[in-house]
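Residue numbers (the working numbering), protein chains in the order written: chain A, 19 to 262; chain B, 147 to 407.
Now the structure itself:
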């Protein structure tokens, strides 16, 4: 990492790369620190939108996944719709939503949700359906009903898969929040990037990009931490280790 | 106490065709009796167990338990599968108590009983381990403890030692006999291994494949307690030979009572 930044800084100075093409790390740092309170405010706004969309994804995706896994009919009806939501470019949808719902937090959270929820649904459904038939039979032999089977056998079994989806969703939530802010917002890092570029301050825009990357990493790690602390059997076994 | 009266089972295949797994199987198992079922693959042994467990319905005939027709899983039967089938997220103790908790039959004594049972099975000190930290043999012991904790009157075992190595297998067989002697329940034990069947059972049911039928029931006259020393005895050899003859038919068997499958 340090070598990368050093090389970046050095090449900017040596080759005299101009700021609007690629600002040096020191310039990015300087521009960002100069307006630190403003940057912090924008970061907070983006974080709230990303978290809102992420929480909405979790709250909606898990019950949805359970419904899909419980019934082939629901699965056949809902899955095509989900795929449709994924094939619509969210950048195209965002302005429509903002006109329909007003310039407030709601359309931004919806856009974030739309970007983030799909891998979570797919992961959770995969986990619920990957439950070994022997475990399901064990439940049946213990006279477990459909609901008990879902909650006490399939859902715990799906936990590693759900966390796989959560990690992707956490990173995508940041993307979704920025997409929403590009289209209609008066705060947030996406908004900051747009305004800095229009006021010809590329260093500040780069600073915002770096903060976004950090935010994605932090949210990803936070999910991983929750998994390690509360579901220690989940991390490590079976799932390929993602990230650090 | 368990009675199968001309039971048949036909599965509908994926292609719509019917597969007859069992035909006209009649069998009675007394309370406290140990019955082994042997037969080549595809002779419907596992299906037979699942019928008794109430996991699949019979297509013909009836399975009764103490005179009541089995229509679904019942509290007095417990099952041990070929794979340990443990919950990967629960520790050994919670795995053993899982069926009772699921059936809301767990009470204050359940945990102590589970610990005692685990100790008998040589798993003392492993109560808080996760299944993936145990060897295959230990996992299967946990699965057997899980079944026994339900205090079943009927224990159904579907090749419970099938996935274990030969040495662990012998050790586990003797352990199972010890536990059964102490608790005396009816056991229906499906296996591929003829020596295992003869060593464990009071009677060995021999089945033929496609469709599964009972071709012979061999009474094992060996005194209990059983041990592997009895493998050399005439009675053991007689039983094993008779079973082998049925299973392999003319192919290498002695031929007495052999029947083309």
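Glycine included, every Cβ here is placed at the ideal spot set by N, Cα and C.
8 Å Cβ cut-off: residues of chain A touching residue i
i              : result
residue 337(B) : Chain A residues near residue 337(B): none, gap ~18 Å exceeds 8 Å.
residue 227(B) : 152, 155, 156
residue 306(B) : Within 8 Å Cβ-Cβ: nothing; residue 306(B) doesn't reach chain A, min ~12 Å.
residue 219(B) : 158, 159, 160, 161
Interface residues of chain A facing residue i [CB-CB closer than 9 Å]
i              : result
residue 201(B) : 155, 158, 159
Beta-carbon contacts of residue i that lie in its chain and below 8 Å, excluding the five residues immediately before and after
i              : result
residue 147(B) : 175, 176, 177, 211, 212, 299, 300, 332
residue 149(A) : 171, 172, 175, 176
residue 81(A)  : none
residue 401(B) : With a pLDDT of only 42 at residue 401(B), under 50, the local geometry of the prediction cannot be trusted, and no value is derived from it.
residue 152(A) : none
Neighbour flag for residue i against chain B, beta carbons, 7 Å
i              : result
residue 244(A) : no
residue 90(A)  : no
residue 81(A)  : no
residue 162(A) : yes
residue 260(A) : Note that residue 260(A) has pLDDT 36, beneath the 50 cutoff, so the model's placement of it is unreliable and the number below is only indicative. Cβ-Cβ to chain B under 7 Å: no for residue 260(A).
DSSP state of residue i mapped onto helix, strand, coil
i              : result
residue 148(B) : strand
residue 28(A)  : helix
residue 220(B) : coil
residue 228(A) : helix
residue 157(A) : helix
residue 219(A) : coil
residue 241(A) : helix
residue 161(B) : coil
residue 231(B) : coil
residue 393(B) : helix
residue 154(B) : strand
residue 36(A)  : coil
residue 305(B) : coil
residue 89(A)  : coil
residue 175(B) : strand
residue 299(B) : coil
residue 19(A)  : coil
residue 53(A)  : coil
residue 310(B) : coil
residue 42(A)  : coil
Residue i: CB within 6 Å of a non-hydrogen atom of the ligand MG
i              : result
residue 109(A) : No copy of the ligand MG appears in this structure; indeed no ligand is present at all.
is_contact[residue i, chain A] using C-beta, thresh 7 Å
i              : result
residue 249(B) : yes
residue 394(B) : no
residue 276(B) : yes
residue 231(B) : yes
residue 295(B) : no
residue 212(B) : no
residue 158(B) : no
Nonlocal neighbours in the same chain, by C-beta distance under 7 Å from residue i, ignoring five residues either side
i              : result
residue 382(B) : 344, 368, 376
residue 310(B) : 282, 283, 286, 318
residue 252(B) : 243, 246
residue 27(A)  : 42, 43, 44
residue 259(B) : 295
residue 74(A)  : 127, 131
7 Å Cβ cut-off: residues of chain A touching residue i
i              : result
residue 245(B) : 160
Contact set between residue i and chain B, taken where Cβ atoms lie within less than 7 Å
i              : result
residue 251(A) : 234, 235, 276
Close beta carbons around residue i, own chain, < 6 Å, minus the five adjacent residues each side
i              : result
residue 189(A) : 234, 238
residue 249(A) : 177
residue 195(A) : 64, 67, 68, 130
residue 206(B) : 154
residue 152(B) : 170, 172, 207
Length-filtered (4 minimum) alpha helix (DSSP H) runs lying within the region 108 to 136 of chain A
108 to 119
Could you run through the region 161 to 190 of chain A and flag, in chain order, every residue whose CB is less than 8 Å away from some CB of chain E?
Absent here is chain E; the protein component of the structure consists of chains A and B.
Unbroken stretches of the alpha helix (DSSP H), 4 residues or longer, contained in the region 327 to 389 of chain B
340 to 346
Start-end ranges of the alpha helix (DSSP H) lying completely within the region 233 to 296 of chain B, minimum 4 residues
238 to 248, 256 to 266, 282 to 295
Please give me, in chain order, every unbroken run of the alpha helix (DSSP H) with length at least 4 that falls completely inside the region 180 to 222 of chain B.
191 to 199
Quick check for students: name the residue ranges of the alpha helix (DSSP H) that lie wholly in the region 153 to 218 of chain A, counting only runs of 4 or more.
173 to 201, 207 to 216
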